[in-house]
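There are 2 protein chains.
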Amino acid sequence: MGVFSKTCEYAMRAVFFIAHRTTAGERVGIREIAAGIDSPEAFLAKIMQDLTRRGIVNSIKGPNGGFYMDAASLKKPLSEVVLAVDGDGIFVGCGMGLEYCSAVNPCPLHNEFMEIRTRIQKMMQENTIGDFNEELNLGILSLKK
Amino acid sequence: MGVFSKTCEYAMRAVFFIAHRTTAGERVGIREIAAGIDSPEAFLAKIMQDLTRRGIVNSIKGPNGGFYMDAASLKKPLSEVVLAVDGDGIFVGCGMGLEYCSAVNPCPLHNEFMEIRTRIQKMMQENTIGDFNEELNLGILSLKK
DNA sequence: ATAATAAAAGATATATTTGTCTTTTATTTA
DNA sequence: TAAATAAAAGACAAATATATCTTTTATTAT
Ligand code: FES
Ligand code: FES
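Just so you know, the sequences run in chain order A and B.
Residue numbers for the first sequence follow our numbering, beginning at 1 and rising by one.
Residue numbers for the second sequence follow our numbering, beginning at 146 and rising by one.
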């Protein structure tokens with residue numbers, strides 16, 4: 001287990017990959033995305049269906065079709081991807097699995113964990129998909145292996 | 146999904162509960178632990194078997210038997226519980242699921258995620274089970290609901 | 001219109017996590 | 001020694017996450 005589910009990890013990598021590969025209306029196919037982020041193609045296809053339904057990425061069928069992101073999508077914070085796939089558990093949940101996290105009924109990790117959780121939330125909310133993309137464009141960042 | 150597996154969450158809560166309930170050679174039974182941390186008894190029993198085999202807690206069978214922790218166990222960092230149950234993934238793994246996390250092949254989250262991960266590691270390594278127990282003894286902390 | 005392309009949808013399969021039940025072993029008490 | 005107690009061990013079951021395969025729908029190009 002990690003901070004995010006495997007499904008969510010694939011989703012984030014795919015979204016970055018699409019953002020990176022599609023400027024000005026270009027599209028990228030599922031096969032290429034899967035190869036680019038090192039994920040099982042059919043499984044990723046399912047994940048993409050979900051992201052598309054939720055409007056996080058856009059898609060067009062048929063020849064020259066594929067996935068792409070418009071300007072509005074690039075302005076969305078990465079947290080939207082996480083929320084869509086994993087829900088808000090990582091942003092609001094108790095570190096030790098108590099039903100609710102609250103200062104009224106705090107678990108032993110509460111104080112420390114709150115700060116960590118806030119930090120995760122910040123990283124996800126204050127950076128847009130487009131922000132990450134700019135760094136990716138510098139060519140030093142990786143989405144596979 | 147959270148930062149830790151459900152199994153690990155139960156394990157941490159159980160260890161705290163035992164530390165809290167057993168001073169000077171007293172023991173506490175699995176039923177009482179399960180009730181005290183709000184977990185399924187039979188499942189927790191399995192988790193405890195593992196923790197016992199790994200020497201994180203101690204146990205004695207038969208009447209007046211149960212689980213307990215000696216002074217040495219209380220001095221162990223909480224990270225030992227996490228390592229025993231979930232492995233080191235949360236301490237060393239890549240936030241986006243790349244096979245290895247490294248500065249040589251960094252994912253887009255790498256810099257930010259490294260700091261978060263280090264923070265988690267610190268919380269777990271620099272606090273012993275006994276440390277948490279002292280706070281628990283103040284009676285303001287909770288292990289259930 | 002037809003054929004080709006590519007995503008969407010639906011059904012199914014596998015693996016892992018979470019959870020339960022029964023039997024066995026160790027220990028204590030009577 | 002016999003009965004009672006409590007954890008250990010092993011087998012089994014359910015739920016969820018991960019993964020694959022087939023069919024359908026939308027779009028494009030011929
Ligand atoms: S109650 Fe556990 S993190 Fe807040
Ligand atoms: S490479 Fe992803 S966190 Fe370090």
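The beta-carbon is built from N, C-alpha and C at its ideal position, and this holds for glycine as well.
Among residues of its own chain, excluding the 5 on either side of residue 146 of chain A, which ones have a beta-carbon nearer than 8 Å to its beta-carbon?
What the structure shows of chain A is the stretch from 1 to 145, and residue 146 of chain A is not part of that stretch, so it cannot be assessed.
Is the beta carbon of residue 28 of chain A sitting closer than 8 Å to the one on residue 66 of chain A?
Along the first sequence, one-based indexing puts residue 28 of chain A at 28. Along the first sequence, one-based indexing puts residue 66 of chain A at 66. Cβ distance < 8 Å, so residue 28 of chain A and residue 66 of chain A count as in contact.
Between the Cα of residue 285 of chain B and those of B:165, B:238, B:184, spot the shortest distance and give me the residue it belongs to.
As a first step, residue 285 of chain B must be located in the second sequence, where it is residue number 140. Answer by Cα proximity: B:165.
Using a Cβ-Cβ cutoff of 7 Å, what residues of the region 72-93 of chain A are near chain B? List them in chain order.
86, 89, 90, 93
For the alpha helix (DSSP H) containing residue 111 of chain A, name the first residue and the last one.
Position 111 of the first sequence, counted from the first residue, corresponds to residue 111 of chain A. Membership of residue 111 of chain A in the alpha helix (DSSP H) is indicated by the continuous run 110-125.
Can you have a look at residue 231 of chain B and say buried or exposed, based on whether 16 or more other CB atoms are within 10 angstroms of its CB?
Your numbering for residue 231 of chain B matches position 86 in the second sequence. With 16 or more Cβ atoms within 10 Å of its Cβ, residue 231 of chain B is classed as buried.
Sorted by chain position, which residues of the same chain lie with C-beta nearer than 7 Å to residue 125 of chain A's C-beta, five sequence neighbours on each side aside?
In the first sequence, the residue the question calls residue 125 of chain A occupies position 125. Only 77, 79 meet the Cβ criterion.
Is it the case that the CB of residue 94 of chain A approaches a heavy atom of ligand 1 more closely than 7 Å?
Indexing the first sequence from 1 puts residue 94 of chain A at position 94. Indeed, a heavy atom of ligand 1 lies less than 7 Å from the Cβ.
Going by alpha carbons, who is nearest to residue 297 of chain B out of B:289, B:171, B:185?
One cannot answer for residue 297 of chain B here, as it falls past the ends of chain B, which runs 146 to 290.
Using the three-state DSSP reduction, which class does residue 133 of chain A fall into: helix, strand or coil?
As a working mapping, residue 133 of chain A is identified with position 133 in the first sequence. Correct three-state label for residue 133 of chain A: helix.
Which bits of chain B does residue 12 of chain A rub up against, with CB to CB less than 7 Å?
As a working mapping, residue 12 of chain A is identified with position 12 in the first sequence. By Cβ distance, chain B contributes 241.
As an exercise, report each continuous beta strand (DSSP E) stretch of at least 3 residues that is fully enclosed by the region 19-106 of chain A, in chain order.
Runs of the beta strand (DSSP E) lying entirely within the region 19-106 of chain A, each at least 3 residues long, are 58-60, 66-68 in chain order.
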